[in-house]
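Trainee: I am attaching a structure below and will ask some questions about it afterwards.
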Amino acid sequence: MDFEQIKALSDAHYMNTFGERQPMVLTHGSGCTLYDETGKAYTDLLAGIAVCALGYGHPALTEAITSQAKKLIHCSNYFYTEQQARLAQLLCENTCADRVFFANSGAEANEGAIKLARKVFFDRGENRYEIISMDNSFHGRTLATLAATGQKKYREAFLPMPEGFINVPYKDIDAVRSAIGEHTAAVLVEPIQGEGGVIEGGAEYLKALRKLCDEKGILLIFDEIQSGMGRTGKLFAHQAYGVEPDIFTVAKALCGGIPSGAILAKESCCAFKPGDHGTTFGGNSLACAAGIAVLGEILKPGFLGGVEHKGSLLKSGLLNLMRRYPGKIVDVRGMGLMLGAQLAEAIPAKKVQEKLIQMGFLPGTAGQNTLRLLPPLIIDEKQIRAFLDALDELLKGWEL
Ligand code: PLP
353 MDFEQIKALS DAHYMNTFGE RQPMVLTHGS GCTLYDETGK AYTDLLAGIA
403 VCALGYGHPA LTEAITSQAK KLIHCSNYFY TEQQARLAQL LCENTCADRV
453 FFANSGAEAN EGAIKLARKV FFDRGENRYE IISMDNSFHG RTLATLAATG
503 QKKYREAFLP MPEGFINVPY KDIDAVRSAI GEHTAAVLVE PIQGEGGVIE
553 GGAEYLKALR KLCDEKGILL IFDEIQSGMG RTGKLFAHQA YGVEPDIFTV
603 AKALCGGIPS GAILAKESCC AFKPGDHGTT FGGNSLACAA GIAVLGEILK
653 PGFLGGVEHK GSLLKSGLLN LMRRYPGKIV DVRGMGLMLG AQLAEAIPAK
703 KVQEKLIQMG FLPGTAGQNT LRLLPPLIID EKQIRAFLDA LDELLKGWEL
């Protein structure tokens, strides 16, 4: 089928919630390159929104998925599987968490984390259920995670929201302090806001949140769904900031593209008892075999250092472009390979994205007119330089 036929079929039958999609059909990928139905190649700078950390056709990931698929894809959580136990072990051994519960997506991991926080206080006989989260945040599309998501536009059509959620400005510790009350259970925060425009919380703010939560006896939950799994040059962003959460959530890159998510918690917060929570698919053997392969690669000596190095190359390149075109790029933010270049209002990020796609690059966009760059972590320096050259050429010719 060609593009027009596939588009017509999709338009007729798919419930599109994504608006106007890019006018291409992606057919396959290799390394950091994706191909459309005409055979045109694109350097991927989005990784399926921070999912395909190892890119496409990665030998270790492909081998793990294909060999597991031949043996056992799924069997239900009524049974033990080695893959699930080993992935849980790997996650705990490399983070501050003591236990893991696997889910299928980011929203579901956050939903579970919210339930877990409420259960901690239920068990203690304390009537604490409120979650404080941040303006401009993004935590998912289920009702509870929408209530936590501090962006009205996503909620308007779905009111009323579940009770027990308060949004306060990001990076404003006093606002959090004022919002804490007798019913507060936890503060939920992205260490780096992703969908909101790649905005770093910063060490000072995250440390102050940790201190405040300890003072008030409430929990600190980090949503590391976008910032986790090596994206920032550390396995998790909070490790770069030196702040340990009580609970954190992971998804996206966890299993390299096989749908998955996870709630990770310190022992003192592992309040779920049999019957409190559950899942059919979460943590099945196929997803976990993929997760073991992904973590195996990310944890190889030099991999995270490489992410840090390539991240600085990309960031310094963007900062150079900002200096060269000060009225065109107004800010460069983020760490590792989670970067955003905020464009001037007169240069719509969507238009720049469109042009870059024509030039053979696939970047993303995010709030605040930001070009969002979340390439596969295996991107190479040559591909980064080629992208920076393309953006340079584009901005040079852009009439304001
Ligand atoms: N939390 C963050 C920080 C995210 O970036 C996302 C998705 O973009 C989610 C939660 C929701 O994840 P999912 O789309 O897998 O439900």
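Per this note's numbering, residue 353 is the first one in the sequence shown, and the count goes up by one each step.
Backbone N, C-alpha and C define an ideal beta-carbon position, used for all residues, glycine too.
In this text the structure is predicted, and so the values were computed from the model without any measurement.
Under DSSP, the alpha helix (DSSP H) around T418 begins and ends at which residues?
Mentor: Where T418 is concerned, the enclosing alpha helix (DSSP H) stretches over P411 to K423.
Trainee: Ligand 1 and D575: does the residue's C-beta get closer than 7 angstroms to at least one heavy atom of that ligand?
Mentor: For ligand 1, at least one heavy atom lies less than 7 angstroms from the Cβ of D575.
Trainee: In terms of alpha-carbon separation, which member of N721, L406, D732 and E415 lies closest to V646?
Mentor: Ranking the options by Cα distance to V646, first place goes to L406.
Trainee: Restricting to Cα atoms, I'd like to know which of L439, T631, I483 and G533 is closest to P514.
Mentor: Ranking the options by Cα distance to P514, first place goes to I483.
Trainee: Does the Cβ of G383 lie closer than 7 angstroms to at least one heavy atom of ligand 1?
Mentor: No; taking the cut-off as 7 angstroms, the Cβ of G383 has no heavy atom of ligand 1 nearer than that.
Trainee: Please report the distance separating the alpha-carbon of I681 from that of K748.
Mentor: If I take the Cα positions, the gap works out to 11 angstroms.
Trainee: For S419, is the classification buried or exposed, using 16 other Cβ atoms within 10 angstroms of its Cβ as the cut-off for buried?
Mentor: The residue in question, S419, is exposed, as its Cβ has fewer than 16 Cβ neighbours within 10 Å.
Trainee: In the structure shown, what three-state DSSP assignment does L651 receive?
Mentor: Coil.
Trainee: Along the alpha helix (DSSP H) that carries F453, what are the first and last residues, could you check?
Mentor: Taken as a continuous stretch (DSSP letters only), F453 belongs to no alpha helix (DSSP H), being part of the beta strand (DSSP E) at R451 to A455.
Trainee: If you draw a straight line from the C-alpha of L442 to the C-alpha of Y408, how long is it?
Mentor: Between L442 and Y408, the C-alpha separation is close to 23 angstroms.
Trainee: Short check: CB of A437 to CB of I615, under 8 angstroms?
Mentor: Contact flag unset, no.
Trainee: Measuring alpha carbon to alpha carbon, tell me which residue in G608, I544 and T447 is nearest I417.
Mentor: For I417, the nearest C-alpha among the options comes from G608.
Trainee: Going by the C-beta, is G580 closer than 7 angstroms to any heavy atom of ligand 1?
Mentor: G580: no, Cβ never under 7 angstroms from ligand 1.
Trainee: State yes or no: is the C-beta of A364 nearer than 7 angstroms to some heavy atom of ligand 1?
Mentor: It does not: the Cβ of A364 is nowhere closer than 7 angstroms to a heavy atom of ligand 1.
Trainee: Measuring only from the beta carbon, is F490 closer than 7 angstroms to any heavy atom that is part of ligand 1?
Mentor: Correct: F490 has its Cβ closer than 7 angstroms to ligand 1.
Trainee: Mind checking L361: buried by the 16 CB within 10 Å criterion, or exposed?
Mentor: Burial call: exposed.
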